[in-house]
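One structure below.
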Amino acid sequence: MNAASGAEARTIVLIGATSGLGRASALQLGAAGHRLILVGRDRGRGMSLTAQITARAPGNRRPVFIAGDISTRDGVAAVAERIKDETDAVDTLLNNAGVMSSRRVLTEEGMELNFAVHHLAPFTMTGLLLPLLARGEGRIVNTNSEGHRAALFGAGEIRLDFDDLQSERRYNPYLAYSRSKLANLLFTFEFHRRYAGFPIAAVHPGMVRTRLVRSMHRPGFWLLSTATRWMLMSPDKGGQALTELATTPVLDSGGYYDRTRLAKASPHANSRADAELLWDVSEVLRGPFTASADRRMRPDAR
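Positions in the sequence shown are counted from 1; adding 196 to them yields the working numbering.
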């Protein structure tokens, strides 16, 4: 990527920046001269990353790192307030935080972890940062997955179970992950319908060797990941998709990208009824999406 000039440099908020795809994209964006606000849970990793970016960045521009847990509403709100302390405008918000757990884990709020991190966190963060996005380009890119179509090991075609959004019944880690990614995609498409003034897209960055993959301590998953390791791309290559969509002059708003090419999402991801219901449920769980009266931030008339 060529270095961005002062006028071309974007202010980019990258959630989930300290490992895997996020780290790779942060290094790429920093080397190109963009102004970065990085968010992650691990302060040590964050400080190490900011030092690496500063050493490579034009003019040794140092990114801002914010340590925070975005699995709860209070955690997201705290991070959003820190971001507002650092800038009054955001050009690109990259919602990239990811988890995968072999057992059912609940957040402090009692939300299932996949659903909290992959759907509720982007939903809440986007709403809280909407005033800053309105003052910048206002682009949002959500990291998604082809797993939104079907879970590993034969769970079948994926659709949301609104009677079990928290995976309280028999927990299947692959199904929980896939449903949370479907929820994220439904949010992406519904946001596009309601807030047409803000370009938004979701991206499947490819099958990548990351800590998220290695976190699954289940024999079947370990066997699969070992057998297919040669097929998985590096985080650097996977991160290129995030970097490209964060900075490309033209983003197809409301689009689902397989890396940098537009692709068709699953039929269930295009369910308007499911998207509207999920939005309503999310507001019950997290409060109003945005309280702003700014015209650009009001839902478009339907």
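Note that CB positions come from ideal geometry on N, CA and C, so glycine has one too.
| Check | Outcome |
| --- | --- |
| Starting from Thr339, trace the beta strand (DSSP E) in both directions and tell me its first and last residue. | 335 to 339 |
| Using a Cβ-Cβ cutoff of less than 7 Å, which residues in the same chain neighbour Asp238 once the five nearest sequence positions on both sides are dropped? | Thr214 |
| Would you identify the three-state DSSP class for Ala489, choosing helix, strand or coil? | Low confidence applies here, because Ala489 scores a pLDDT of 42, under 50, leaving its location unreliable and the question unanswered by this model. |
| Can you tell me which of the three DSSP states Ile354 falls into? | coil |
| Per DSSP, which one or two residues make a beta bridge with Arg457? | Asp454 |
| If we ignore side chains and look at the alpha-carbon of each, how far apart do Gly294 and Asn310 end up? | 8 Å |
| Taking only runs that begin and end inside the segment 369 to 402, name each unbroken alpha helix (DSSP H) of 4 or more residues, in chain order. | 369 to 390 |
| Hey, Val209 and Ile266: beta-carbon distance below 8 Å or not? | no |
| Determine the DSSP secondary structure at Arg231, reduced to helix, strand or coil. | strand |
| Quick one: what's got a C-beta closer than 6 Å to Ala423's C-beta in the same chain, skipping five residues either side? | Caution applies to Ala423, whose pLDDT of 46 falls short of 50 and renders its modelled position unreliable; the value that the coordinates give is listed next. So no residue of the chain qualifies. |
| Please name the residue in Arg366, Arg355, Arg365, Asn340 whose C-alpha comes closest to that of Lys377. | Asn340 |
| Comparing alpha-carbon positions, which option in Asp287, Thr288, Val286, Glu308 lies nearest Met296? | Glu308 |
| Could you tell me whether any Cβ in chain C is nearer than 8 Å to the Cβ of Leu441? | The structure shown has no chain C; it contains just one protein chain. |
| In or out: Arg335 buried (at least 16 other Cβ within 10 Å) or exposed? | buried |
| Taking the CB atoms as reference points, tell me whether Ala397 and Ser363 lie closer together than 8 Å. | no |
| Output needed for Ser411: all residues of its chain with C-beta closer than 6 Å, excluding positions within five of it in sequence on either side, in chain order. | Note that Ser411 scores a pLDDT of 48, beneath 50, so its modelled location is shaky; the value from the coordinates is reported in the next line. Met296, listed in sequence order. |
| When you compare each of Arg252, Ile211, Tyr367 to Gly226 by their alpha carbons, which one comes out closest? | Arg252 |
| Just checking my contact of Phe319 with Arg468 at CB under 8 Å: how many whole Å lie between their CB atoms? | Incorrect: roughly 17 Å between the Cβ atoms, too far for contact. |
| Kindly indicate which three-state DSSP category Ala346 falls into: helix, strand or coil? | strand |
| Can you find the residues in the same chain that come closer than 7 Å, C-beta to C-beta, to Glu304, ignoring five residues on each side of it along the sequence? | Thr268 |
| Determine the closest residue to Tyr370 out of Arg300, Val260, Val446, with distance taken between C-alpha atoms. | Arg300 |
| So, helix, strand or coil for Ala213, using DSSP? | coil |
| Would the segment 472 to 479 count as touching the segment 241 to 259 if we require 3 or more Cβ pairs under 8 Å? | no |
| I'd like to know whether the C-beta atoms of Gly356 and Arg331 end up nearer to each other than 8 Å. | Note that residue 356 is Leu in the sequence shown, not Gly. Not a contact, by the Cβ cut-off of 8 Å. |
| For Gly451, tell me which candidate among Arg206, Gly435, His400, Gly343 has the shortest Cα-Cα distance. | His400 |
| Check for me: the alpha helix (DSSP H) holding Ala317 runs from which residue to which? | 317 to 324 |
| Thr246 bridges to which residues according to DSSP? | BP columns for Thr246 are empty, so no partner. |
| Would you list the one or two residues that DSSP bridges to Asn291? | Ile211, Asn338 |
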